[in-house]
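Going by my numbering, the sequence shown opens with residue 433, and the numbers climb by one from there. Just so you know, even glycine gets a beta-carbon here, dropped at the ideal spot from N, CA and C. Okay, structure first, notes after.
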Amino acid sequence: RLQLGHEHFSRERLRQSDEMLERADGLARELSDGPTRARVLQLRGLTARNRGDIDRAAAFFTDAIAIAAGLRDRALEGATHYHLGQMHADRGDPVPALAHLAAAAHILSDIAAKEARTAWEVIRELAAQLGRERFRQVALQAAVPWVIIEDASGEDDTH
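Here you go:
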């Protein structure tokens, strides 16, 4: 069912994908299959986001992160933080965006995943959009003062 749900998602048949993933989620819950459930919740979050249901997407992503962290599936945890952070960035909500993007960058860098570079790129884009001072404020509010901000001279400034 997970594969069918992913296939529907890939074809942007979002309603069918959502229905199939809802069934897969129920089955994974019934079987106490945490790894499958975490992946299904991540896909449900992506589907909900693409359908424009941001609150529902955030709930699915948050649940997927919690399960992945409990299972110590760092790759899934980091990727899901990335999706949640990107969604907040797209909405213009910089504090949760930076919190999740920084978590993604940290986790994915820690496991040497190539996707870490993408998370850092989005963080840099967010910094450029906000400007140096506002980005510093956002980093403090997001409780990630360690993020690196490159200033115009190219020098790194770590908080």
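What is the rounded straight-line gap between the Cα of Ala574 and the Cα of Gly458?
-> 33 Å
Going by CA-CA distance only, name the one from Gly484, Ile499, Pro467 that's closest to Leu446.
-> Gly484
Could you give the uninterrupted runs of the beta strand (DSSP E) lying entirely in the segment 513–538, keeping only those of 3 residues or more?
-> The qualifying runs do not exist here; there are none.
Going by other Cβ atoms of all chains shown within 10 Å of its Cβ, with 16 needed for buried, is Ile543 buried or exposed?
-> By the Cβ-count criterion, Ile543 is exposed, with fewer than 16 other Cβ atoms from all chains shown falling within 10 Å of its own Cβ.
On a CA-only basis, which of Ala551, Gly502, Asp487 is nearest Leu533? Give me that one, please.
-> Ala551
Could you name the residues of the same chain whose beta carbon sits closer than 6 Å to that of Glu587, not counting the 5 residues immediately before and after it, in chain order?
-> Here the model assigns Glu587 a pLDDT of 45, short of 50, so the residue's position is not dependable, and the following value carries that caveat. Answer for Glu587: no residue qualifies.
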